Amino acid sequence: MQRTTHRRRLLARPVVVSLAAAVALTATSCAKSEDDASNGSSSSSSADAAQQVASPAPDGKTCTVDAYGGKKLDLKNATVGFSQSEKEANPFRIAETQSIKDEAKKRGVKLLTANAQSQFSKQISDVQDLLAKGADLLVIAPLNSDGWDPVLQAAAAKKVPIVTIDRKINATACKDYVSFIASDFVEQGKRAADQMIEATGGKGEVAILLGSAGNNVTTERTKGFKDQIAAKAPGLKVVFEQTGDFAREKGQQVTEQLIQSKPGIKGIYAENDEMGLGAVAALKGAGKKAGDVKIVTVDGTRNAVQGIVDGWISGVIESNPRFGPLAFQTLDTFTKGDEVAQDIIIEDGAYTSGNAKSDIGKAY
């Protein structure tokens, strides 16, 4: 099986490395699914579905224990605290949390977990509680990018290193946190735009179902999409933008409004799969047929990939949630005193009508 894989354009000659070699390379250079309760954990440990890393640029910034002001320790004897931001009501969060738990168990590391249930104030108190319970290291999936000063100050006082995943904290790397591990969200937006251009022929009116406000994922996926449309398909006009909060129900509600206000809409860019699946439900409810409105989404959940097979979705840009192995390897390398990259960018694949049926087993 082959899956479309994008190589980061910002790197001179990017090399995709296996997870086992990824951190070694950086050291030398610097609620369940609404449709399927088994989604998320079934393929979270699959070798061919594991995250792969784009090789860092030669001048990529790195971080060490000495530079950060922490202390060396043996990860096997440490306690790791993991803060999940959102309700586990979609496959991405299910797979993300399961991947962290699986890797901690595999390594024999004590893990403390907390779920903020999509409430930022709770996430702040959650992380403070993890610190109070003795977490030596923190892995945080932030709900918002701003507002983290209380946590950063508390962690700094105890010299507890922080690795953030998926969303970025607006703070200083190798001072407030060690590393940020995520996809290139601007590039995801550009690739979604390319799929939308292909699906629509580059002409017509399109809508954007925005993710939740206050984080870099929404901002960057929007920027990438709009920039690429402007550069490559000026005949494609974004005429509607409204937040769907990365939720299926909200995505459906917004699409129902969209159909009323813009009956001639030709395409919908949903900034995650759950909103895209909500859009599909709305189109079905309005009596539309598969393919009447082209939908492009970001994530790579099994239900969305099935949507391609069924003809309702034109393409899905992958955003791999299986952070466990890479997050723990980063912590292990760092706590031994070796360098880790401040920004670790993941290579993502894509699903299209050409590979969705054969590669659906890699989805989560």
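Be aware that the sequence shown starts at 0, since it is given in numbering that gives the first Met the number 0, and climbs by one per residue. Built from N, CA and C at the ideal position, the CB exists for glycine as well. Since the model is a prediction, treat every value here as computed from it, not as a measurement.
| Asked | Found |
| --- | --- |
| Between the CA atoms of Thr218 and Asn76 - distance to the nearest angstrom | 39 Å |
| Integer Cβ distance of Phe322 from Gln116, believed to fall under 8 Å | That belief does not hold up - the Cβ atoms of Phe322 and Gln116 are roughly 20 Å apart, past 8 Å. |
| Limits of the alpha helix (DSSP H) - the one that Lys225 falls within | 215–231 |
| Any 3 or more C-beta pairs closer than 8 Å across the region 323–336 and the region 294–314 | no |
| Euclidean distance between Cα positions of Glu270 and Asp65 | 39 Å |
| Residues near Val138 in its chain [Cβ-Cβ closer than 7 Å; skip 5 each side] | Val79, Phe81, Ile99, Val162, Ile164, Ala326 |
| Gly353 - DSSP class collapsed to helix/strand/coil | coil |
| Stretch-stretch touch, CB-based, cutoff 8 Å, three pairs: the region 184–201 with the region 239–247 | no |
| Simplified DSSP assignment, three categories, for Phe239 | strand |
| 8 Å Cβ cutoff met for Thr334 and Leu72 | yes |
| Beta-carbon proximity check, Asn364 vs Asn89, cutoff 8 Å | This structure does not reach residue 364, given that the chain is present from 0 up to 363, and the question cannot be answered. |
| Nearest neighbour of Ala154, chosen from Asn169, Asp145, Asp175 [CA to CA] | Asp175 |
| Sequence-distant residues of its chain with Cβ nearer than 6 Å to Gln227 (five each side left out) | Lys189, Ala192 |
| Residue from Met274, Ile344, Gly290, Ala289 whose Cα sits closest to the Cα of Phe91 | Met274 |
| Inter-residue spacing [alpha-carbon to alpha-carbon] between Ser260 and Arg247 | 20 Å |
| Beta bridge counterpart(s) of Thr78 as assigned by DSSP | Lys109 |
| Bridge partner(s) assigned by DSSP for Leu209 | Thr242 |
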